[in-house]
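As structure tokens, the structure follows; a few thoughts come after it.
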Amino acid sequence: MKSVLAILLGTITFISLDLLWLGVIAKNFYQSHLGDLLARPNWIAAGFFYVLYIAGIVFFVISPQLTASKLRVFLTGGLLGLLCYGTYDLTNLATLKGFPLQVAVVDMIWGFVITSIVSLVIFSFYK
């Protein structure tokens with residue numbers, strides 16, 4: 007039961023931070039750099055992303071490190087975020103005409119930050 011609550015808390019944290027980032031903090035940044043590429047949110051696809059991503063955090067970061075330090079979990083989570091968001095952003099740079107490097111860099115940093123925070127939240131709840 008504790009693991010289910012930890013995953014639920016991690017999911018709520020991730021969605022809340024992501025909506026704050028995408029909908030408020032960086033909204034104008036993404037709109038000014040991506041313009042017509044932006045579509046209305048597909049909440050079903052977003053929901054699947056959140057479920058898969060949280061599962062990845064639990065499987066690749068939390069489960070192998072239940073006895074690790076909070077700093078190690080934070081950094082490992084950040085590395086996972088950098089890898090995942092980097093895969094997306096660097097693929098966009100490689101395949102989409104005009105995809106801005108600035109967006110890729112900011113998005114990869116965001117991937118590191120949000121995944122670090124959510125990993126730490128889930129880990130702290132397990133402890």
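Its first residue numbered 7, the sequence shown is counted upward by one per residue in the numbering used here.
Glycine included, each C-beta is placed from N, C-alpha and C at the ideal position.
Keep in mind the model is a prediction, meaning the values are calculated, not measured.
{"Query": "Min CB distance VAL30 to chain C below 8 Å", "Result": "Given the protein chain composition of this structure (a single chain), no chain C is represented."}
{"Query": "LEU88 burial status per 10 Å Cβ neighbour count (16 or more: buried)", "Result": "buried"}
{"Query": "Under the three-state DSSP convention, the category ALA110 falls into", "Result": "helix"}
{"Query": "Own chain partners of ASP113 with C-beta closer than 6 Å, once the 5 adjacent residues on each side are dropped", "Result": "TYR91 and ASP95"}
{"Query": "Same chain, Cβ closer than 6 Å to VAL109, five either side skipped, listed in chain order", "Result": "HIS39"}
{"Query": "Residues near PHE80 in its chain [Cβ-Cβ closer than 7 Å; skip 5 each side]", "Result": "SER122, SER125 and LEU126"}
{"Query": "Same chain, Cβ closer than 6 Å to GLY83, five either side skipped, listed in chain order", "Result": "VAL67, THR121, SER122 and SER125"}
{"Query": "The stretch 49-56 / the stretch 29-38 touching (three or more Cβ pairs under 8 Å)", "Result": "no"}
{"Query": "Nearest-angstrom beta carbon gap, ILE60 and GLY16 [assumed within contact, 8 Å]", "Result": "5 Å"}
{"Query": "Selected residue, minimal CA-CA separation from PRO47, among GLY62, ILE63, GLY29 and THR73", "Result": "GLY29"}
{"Query": "Whether ALA12 touches PHE118 by CB criterion (8 Å)", "Result": "no"}
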